[in-house]
Amino acid sequence: MVRRIFMLAVMGFFLGTGLAQADEFTRKDLEKWQKAFMAVVKEGERLFHSPLGSNKVSCDMCHPNAANTHPETYPKFQKQLGRVATLRDMINWCIQNPLEGKPLPLDDPRMIALEAYITWERRGVPLAPGKH
Amino acid sequence: MRHNLSRRKFLKSLGMAALASTAPLKLVEVVYGQKIADKFTFAVISDAHITHIKGTRFVRNFDEGLKKAVFEVSFIDPQPDFVVFGGDLAQLGKKEELEHGLEIMSELSLPVKWVIGEHDFYLDMGEYWQEHVGPLYYSFDHKGVHFVVLNSILTYESWIQKFKDPMERMLNMARLDNPHGSPFMVGKEQIAWLKKDLEKYSPETPIVVLSHSPLYKIFKPWNFWTEDAEEVQAVLKRFKKVTVLHGHVHQILYHQIGNITFMAFMSTAWPWPYPVSYSQLPNAVPRITVFMNRADPFKERDGTGWSYLDIQDGYPTQYYQLWENAPRTVYYDPQLGYPVDRDYQDPARRIPPQEHY
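Written as structure tokens, this is what we have:
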């Protein structure tokens, strides 16, 4: 009997703390995660204003504050490619063409940072996938 | 370095294919060039942003934009009276860039009226420009119109002094969206000069002011802005016909404030977005402007070009030559009292690519 109660108590402890760990987070956690995200945005901002290709041209020269990049409209049919493309496809297109550089792997931390900066500068704008 | 390019040499060097490029010729009005005392024409090339990579390498795209504009302006027949260069010949004010840009511009056989831009200035504070190009501000008369060229890209001395070296200062000014940038201004000294320069002219004299930055306030975060614009506008107030023409914004833009008509120049290098497309901050983009088409990045020369202007009875008409789009014509309408686009001013006639968001 004592052994059974002990087992239940142990199970209860693990279940209880398990649930708490999955569902609950503190303001401190939120701040920490936002800080981690903003560090990537900051890195994206740096990359966006750096020559990523071979000719000293940088993204911000055509897109100050990442304006006119329309991240909320992707994926969309990109008429010049004749297919539905993602924002990352278009980031690489710009790196390869105006910047005369090599495309980034789609999961490259630099690609993620660029995407984070571009979308951060467009925060609050409703999603409009497919919009041209 | 300076030499004029003959038509023969032009055709020889560029081949017969060049002859097929007749767009600017066709756009010239029939009456254009006839001896009409109250009308004259000048061409505008602006914001070339020649960029030095290393050694003898320059950014091909921007070289080609400037070369194309120079080539086409050379073929306007009959030739305009002069060419205005609207500033930002260089990207980082480097001697290599200014020299390379001047070399390309030297193919023109027309006199050039130079306006300095911030990209030409903030490396050596205008030293090279004054030695090899011309004064930073000046005025001249042409066929009854008084032209004033201003250096509108000055800024606070405290900002200028805060960098460790000239290139750091240049790079900070070159970044359009720099949160630690500093607003453009004409400055007290130049405003005093302007007052004195205009003293002897009657209010009937048409005045054309050429500046790099717009002499009004559109969007401070990108320096589509001149801090002391109102003071300059006040000096111009007593004149009946005043036109301010400016570069810097790389887009079709026009506005009217009181007696002053404002029009922007295209860039030969790349288009800037309209500030309306930055969703995080308010802007004061003039409502009367019908935007140029959103540029197709896959067409390298889209959203760039040059223009020519007629000044007739002291009023401006600007003919924008857009390399991948139909040309646009913006003129001052004396009945309405503000500038309008000849084809698209009526909202019912606008097209989807003119929507910027």
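As given, the protein sequences belong to chains A and B, one line each in that order. The first sequence runs 1 to 132 under this note's numbering. The second sequence runs 133 to 489 under this note's numbering. Backbone N, C-alpha and C fix where the C-beta goes; we use that ideal spot for every residue, glycine too. These numbers come from a predicted model, not from an experiment.
Starting from residue i, trace the beta strand (DSSP E) in both directions and tell me its first and last residue.
i        : result
Met257/B : Element bounds for Met257/B: n/a, residue is neither H nor E.
Give the C-beta separation of residue i and residue j to the nearest angstrom, bearing in mind that I take them to be a contact with Cβ-Cβ under 8 Å.
i        : j        : result
Met305/B : Tyr254/B : 4 Å
Pro346/B : Ile443/B : The pair is not a contact, with the Cβ atoms about 19 Å apart (cut-off 8 Å).
Trp291/B : Phe316/B : With 8 Å as the limit, Trp291/B and Phe316/B do not qualify as a contact, their Cβ atoms being about 11 Å apart.
Gly233/B : Ser178/B : That pair is no contact at about 12 Å.
Tyr476/B : Val422/B : 4 Å
Leu198/B : Ala180/B : 4 Å
Asp213/B : Phe172/B : 5 Å
His382/B : Trp404/B : 4 Å
Ala458/B : Thr436/B : Going by Cβ atoms, the distance from Ala458/B to Thr436/B rounds to 15 Å, so no, they are not a contact pair.
His312/B : His344/B : About 21 Å separates the two Cβ atoms, so there is no contact after all.
Arg307/B : His49/A  : 6 Å
Ile182/B : Asp195/B : 7 Å
Can you pull the chain A neighbours of residue i, defined as C-beta to C-beta under 8 Å?
i        : result
Tyr410/B : Pro64, Asn65, Ala67 and Glu121
Thr183/B : Asn55, Lys56 and Val57
Arg307/B : His49 and Asp60
Trp404/B : Cys62 and Pro64
Restricting to Cα atoms, I'd like to know which of the options is closest to residue i.
i        : options                                   : result
Glu43/A  : Pro126/A, Gly124/A, Val125/A and Met111/A : Met111/A
Cys59/A  : Ile118/A, Pro129/A and Gly124/A           : Ile118/A
Asn283/B : Ala361/B, Met299/B and Lys227/B           : Ala361/B
Val57/A  : Thr188/B, Asn193/B and Lys294/B           : Asn193/B
Val40/A  : Trp120/A, Ala113/A and Asn68/A            : Ala113/A
His387/B : Ala396/B, Pro403/B and Lys275/B           : Ala396/B
Arg426/B : Glu204/B, Leu454/B, Gly225/B and Gln322/B : Leu454/B
Val417/B : Leu224/B, Glu239/B, Phe351/B and Val280/B : Phe351/B
Pro414/B : Ala175/B, Pro353/B, Arg189/B and Tyr270/B : Pro353/B
Leu473/B : Asp209/B, Trp261/B and Tyr452/B           : The question names Leu, yet the displayed sequence has Asp at residue 473/B. Considering only alpha carbons, the answer is Tyr452/B.
Gly124/A : Gln412/B, Arg433/B, Glu196/B and Val462/B : Gln412/B
Met90/A  : Leu368/B, Asp428/B and Lys275/B           : Asp428/B
Leu468/B : Arg433/B, Ile420/B, Val318/B and Arg460/B : Ile420/B
Met299/B : His278/B, Asp256/B and Val318/B           : Asp256/B
By the 10 Å Cβ neighbour count, where 16 or more other Cβ atoms means buried, how is residue i classified, buried or exposed?
i        : result
Gly187/B : exposed
Tyr406/B : buried
Pro448/B : buried
Pro471/B : buried
Phe430/B : exposed
Tyr288/B : exposed
Gln54/A  : Residue identity differs from the one stated: residue 54/A is Ser in this sequence, not Gln. Per the 10 Å Cβ criterion, exposed.
Ala155/B : The pLDDT assigned to Ala155/B is 45, lower than 50, so where the model puts this residue is not dependable, and the model offers no usable value.
Val84/A  : exposed
Ile236/B : buried
What does residue i touch in chain B if you count any residue whose Cβ is under 9 Å from its own?
i       : result
Gln34/A : Within chain B, no residue comes near Gln34/A; the closest Cβ sits about 17 Å away, beyond 9 Å.
At what residues does the alpha helix (DSSP H) containing residue i begin and finish?
i        : result
Phe434/B : The sequence as given places Asp at residue 434/B; Phe does not occur at that position. Run containing Asp434/B: none; DSSP gives neither H nor E here.
His251/B : Glu250 to Phe253
Val265/B : Careful: Val265/B lies outside any alpha helix (DSSP H) and carries neither H nor E.
Ser238/B : First-last for Ser238/B: undefined, no H or E at that position.
Leu326/B : Lys320 to Leu330
Leu47/A  : Arg27 to Phe48
Name the chain A residues that come within less than 7 Å of residue i, Cβ to Cβ?
i        : result
Phe430/B : Gln80
Trp354/B : Pro64
Val191/B : Asn55, Lys56 and Val57
What in chain B is Cβ-close to residue i, meaning under 8 Å?
i        : result
Pro103/A : Near Pro103/A there are no residues of chain B at all, since even the closest Cβ is about 15 Å away, more than 8 Å.
Pro75/A  : The premise fails here: Pro75/A is roughly 17 Å from chain B at the closest Cβ pair, so nothing lies under 8 Å.
Pro143/A : With chain A running from 1 to 132 in the structure shown, residue 143/A is simply not present.
Just to make sure I have the definition right: I need the residues of chain B whose C-beta is within less than 7 Å of the C-beta of residue i. Which are they?
i        : result
Val125/A : Ser411
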